[in-house]
Each structure stands twice: as C-alpha cells, then as structure tokens.
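Participant: Numbers given in this note's numbering equal positions in the sequence shown, counted from 1, plus 123. Cβ atoms here follow ideal geometry from the backbone N, Cα and C, with glycine treated the same way. Every value quoted in this text rests on a predicted model; they were computed, and no experiment measured them.
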Amino acid sequence: MTGTIYGLDPGTYQLKIYDKREDRIRTVKNAVAIRNHTDIFAVGDRAYEMLEKTPGDITIAFPMKEGVISRIGEMQYLLECVLRTEEGFFTRGTEYVIAVPTDVTEMEKKAFFDLFIHSSVRAREVRIVERCIADAIGAGIDIRQTPGSAIVNLGGETTDIAILSRGGIVLNRLLKTGGAFLDQMVVTIVRRNLDFVIGRPTAEEVRRKTDVFGEAVRPPVLAAGRDLIRLRPGVREIPSTIVREALEEFLKPCIRTLLLMLEQTPPVVLGAIRRQGICLTGGIACTKGLTGYMEAQTGVPFYTAEQPQLCAARGVRSIIVDRDFEDLAYSMKDENYRWMR
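Quick look at the structure:
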C-alpha cells in the first residue's frame, strides 16, 4: 500500500482514525448537530458536547447505530469534515481501510463501501477487515500462529465476541448491547431507587469514576440531576452498588453467549484459549476489576488489552504499515470479494 491511506474504526459514539502520513491515531466523537431536522451545523466533539443541552429545534444525532451505518448522508458529511486537509481539500487517490463487524447483513456491509465511493472524499480504494481480526492484532495476539484465542469487544452499542484460530474466525457473534445500554440502566436504577433523574452523559461519567468491583469501600460519586420529590435541580451521591447492579445486568447476555460459544469451540482451540486467556477490548474493558468478575462467572482466565478502546485502530494501523498483515484487508471492488457475494 502506498500514498495517502486512512484507517478507520467507526464506533457508534467514537470514530478512531489512523493517518499514515502522521502515523497517529486520533479520536473524534461520532456525532452531528442538526437544526430544524435539515441543517448540520456542528460535528464531532463540538456536537457531542451539546448532547442533552440543546433547545427543541436542535437534535444531536449519531450516524452509526448498533455497529453499522444508519444515517449515511450524515456520516459522509462528518467524514468530509474530519478528513479534509488544512488547505480545505481532499487528496486524490486516497485509500481507506475500515474495521467492520463480521456478524452483520450484506447490505450493512455494503454501506461502508458506499460511504466512501459515493462521496467527495475521493477514495481510490476501499478495503475492509473484520473488526475482531483488527482487535486481535491491536491487542498483540500472534493471530497467524496462535491455535486459539478469544476476543470480547465491549463497545458503545454492541458487544463483539469472536473465537479465532491461526488467522481465521472460528465463531463470531455480535450482540446489540453495549455502553449505551449500560448507562441507560444506571439512569433507570438511579431514578427507581433514589427518585433522582440524571442524563446519560452523567451516568457514563458516574460509571467511569466508580470502582465497581473494588474490595475497598469507596465514597459514592456525586452527580448533578433533578430531584423528583422536590422538583428542582440537585446533587446526589450515587452508590457503587447501583453501578454494579447495572453492569451485572449488562454482562448477563454477554457471559451467556460467550459460554455457549466456548461449548461449540473445537477442543484444541479451546485448550489454547484456556491457557492464554480471553482478551477484553473496547471502552468498558477499562472497568477496574472486570477481569476478575468475568473469570468468576466463566471459569476461564481473562486479561485486558493495553488501551483497549484503541485495539481495533491499532490493528488497522498494523495492516496498513506491515506487509505481513496486508492480506487480511479485502478490497470491496474485487469481484471475488467474499463479503459482497
């Protein structure tokens, strides 16, 4: 691969972009601000900062939903804004390598192709790689030689679980549950138990600050919201038990699906997974004590990748810069391309 190349890991709430020229990964909020249902006037971090703070004529929209593109026009506009050069134009002949979930429909996969080919970003080539493969590479797993490995990506609206062996996918499941569901659970439990209303961004902040599985007693996290008894704004302490209850509820289908997949895994592959452990990636993998909880629930060792939220983006980078991984990305223009048949 030569020339200008971008690698992308398009998450529901965050877009991770690797720029080969600068050899760096940057993160942009995957959000747009729309006025009167038609006029996009802010994108990325600026748009996300307005979430739940806007008047009635302004909507904050997320072009991705449950791991796939749901609003392609808005996604194209966002990409055009964040990929435009400082001079205000796009470089001709740019290549794109995109990490995409495997367990989605053909039409949903094709949308990633249309996103770049039918826009002003001037794509010369669009290649895709299965996100679980990119995740494994970014986590430092030797996917060519390892007889068995497992990845659990706990993302914004999806949980991607994959069993891999020697560079191939043995099993893969995409669950439509992620951090957004978890944060909404926190909102619901806080309202039910404390008669107090907080927004989803506040719930996310509380979750990140709470030592959910820590053994030591920690002070509750303070959160601003609205008191339903006094009918006025206020600040309340959110105990860690609320966040733990929400997290355990979120993890139930993930653990259940993982155990079913392990039951279907060939013995040799399963043995390697038990020796190596299951790798956690994605933003929720940063939760302290999560590996111990998962081990207790499954009986299998777990470990968290370094900077787990950037694993797929690092994997895409390796595919771009390392010829040993180049064949793991597939051209969407190839008539023999396996996902487009």
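Just grab the DSSP bridge partners of Lys-411 for me.
Facilitator: Looking at the DSSP assignment, Lys-411 forms no beta bridge with any residue, so it has no partner.
Participant: Roughly how many angstroms lie between the CA atoms of Asp-467 and Leu-202, to the nearest whole one?
Facilitator: No statement about residue 467 is possible, as the shown extent of the chain runs from 124 to 464 and does not include it.
Participant: Between Asp-132 and Gln-307, what straight-line distance do the alpha-carbon atoms span, to the nearest angstrom?
Facilitator: 24 angstroms
Participant: Alpha carbon to alpha carbon, what distance is there between Gly-322 and Val-151?
Facilitator: 21 angstroms
Participant: Tell me Asn-276's beta-bridge partners as DSSP assigns them.
Facilitator: Asp-283 and Thr-404
Participant: My parser needs the beta strand (DSSP E) runs of 3 or more residues fully inside the region 158-244; what are they?
Facilitator: 162-166, 181-184 and 217-223
Participant: Give, in chain order, every unbroken run of the alpha helix (DSSP H) that is at least 4 residues long and sits entirely within the region 277-361.
Facilitator: 302-317 and 323-332
Participant: Inspect the CB distances between the region 295-305 and the region 232-248 and report whether three or more fall short of 8 angstroms.
Facilitator: no
Participant: By the 10 Å Cβ neighbour count, where 16 or more other Cβ atoms means buried, how is Thr-217 classified, buried or exposed?
Facilitator: Under this definition Thr-217 is a buried residue.
Participant: Helix, strand or coil, according to DSSP, for Ala-246 in the structure here?
Facilitator: strand
Participant: Do you know how far the Cα of Ala-347 is from the Cα of Leu-238?
Facilitator: Those two C-alpha atoms are separated by around 39 angstroms.
Participant: Would the region 388-402 count as touching the region 275-295 if we require 3 or more Cβ pairs under 8 angstroms?
Facilitator: yes
Participant: Does Met-230 pass the burial test, meaning 16 or more other C-beta atoms within 10 Å, or should it be called exposed?
Facilitator: The residue is exposed, with fewer than 16 neighbouring Cβ atoms inside 10 Å.
Participant: Output the boundary residues of the beta strand (DSSP E) element that contains Gln-430.
Facilitator: Per DSSP, Gln-430 belongs to no beta strand (DSSP E) and is neither H nor E.
Participant: With 16 other CB atoms within 10 Å as the buried threshold, where does Val-358 fall?
Facilitator: exposed
Participant: Whole-angstrom Cβ separation of Ile-251 and Ala-436, contact assumed at under 8 angstroms?
Facilitator: Actually they do not touch by this definition, with Cβ atoms about 14 angstroms apart.
Participant: Which residue from Val-423, Leu-206 and Ile-240 puts its Cα closest to that of Glu-248?
Facilitator: Ile-240
Participant: The alpha helix (DSSP H) that contains Val-391, what's its start and end?
Facilitator: It spans 390-399 - the alpha helix (DSSP H) in which Val-391 sits, taken as one unbroken run.
Participant: Closer than 7 angstroms by C-beta to Val-310: which residues in its own chain qualify, once you throw out the five before and the five after it? Chain order, please.
Facilitator: Ile-321, Arg-323 and Ala-326
Participant: Can you give the Cα-Cα distance for Pro-356 and Phe-319, rounded to whole angstroms?
Facilitator: 9 angstroms
Participant: Starting from the C-beta of Tyr-219, find all residues in its chain whose C-beta is less than 6 angstroms away, skip the five residues before and the five after it, and write them out in chain order.
Facilitator: So the list reads Tyr-129, Phe-239, Ala-246 and Val-249, once near-sequence residues are dropped.
Participant: Are Pro-270 and Arg-254 close, meaning C-beta to C-beta below 8 angstroms?
Facilitator: no
Participant: Consult DSSP for Tyr-453 and reduce its assignment to one of helix, strand or coil.
Facilitator: Here Tyr-453 sits in strand by DSSP.
Participant: Counting along the chain, where does the beta strand (DSSP E) carrying Asp-142 start and finish?
Facilitator: Element bounds for Asp-142: 137-142.
Participant: Cβ of Val-227 within 8 angstroms of Cβ of Glu-197?
Facilitator: no
Participant: I need the boundaries of the alpha helix (DSSP H) containing Ile-264, first residue and last residue.
Facilitator: It is not in any alpha helix (DSSP H) - Ile-264 carries neither H nor E in the DSSP assignment.
Participant: Touching or not, the region 414-432 and the region 395-403, by the rule of three or more beta carbon pairs under 8 angstroms?
Facilitator: yes
Participant: Give the single residue among Gln-137, Met-417, Glu-368 and Ala-408 whose Cα lies nearest to the Cα of Leu-381.
Facilitator: Nearest C-alpha to Leu-381 among Gln-137, Met-417, Glu-368 and Ala-408: Met-417.
Participant: Give the straight-line distance between the Cα atoms of Phe-373 and Ile-157, rounded to the nearest whole angstrom.
Facilitator: 31 angstroms
Participant: Distance, Cα to Cα, Arg-440 vs Ala-165?
Facilitator: 28 angstroms
Participant: Verify whether the separation of the beta carbon atoms of Ile-396 and Ala-273 is less than 8 angstroms.
Facilitator: yes
Participant: Evaluate Tyr-136 with the Cβ neighbour count: other Cβ atoms within 10 Å of its Cβ, from every protein chain shown; 16 or more gives buried, anything less gives exposed.
Facilitator: buried
Participant: Name the one or two DSSP bridge partners that Arg-147 has.
Facilitator: Asp-142
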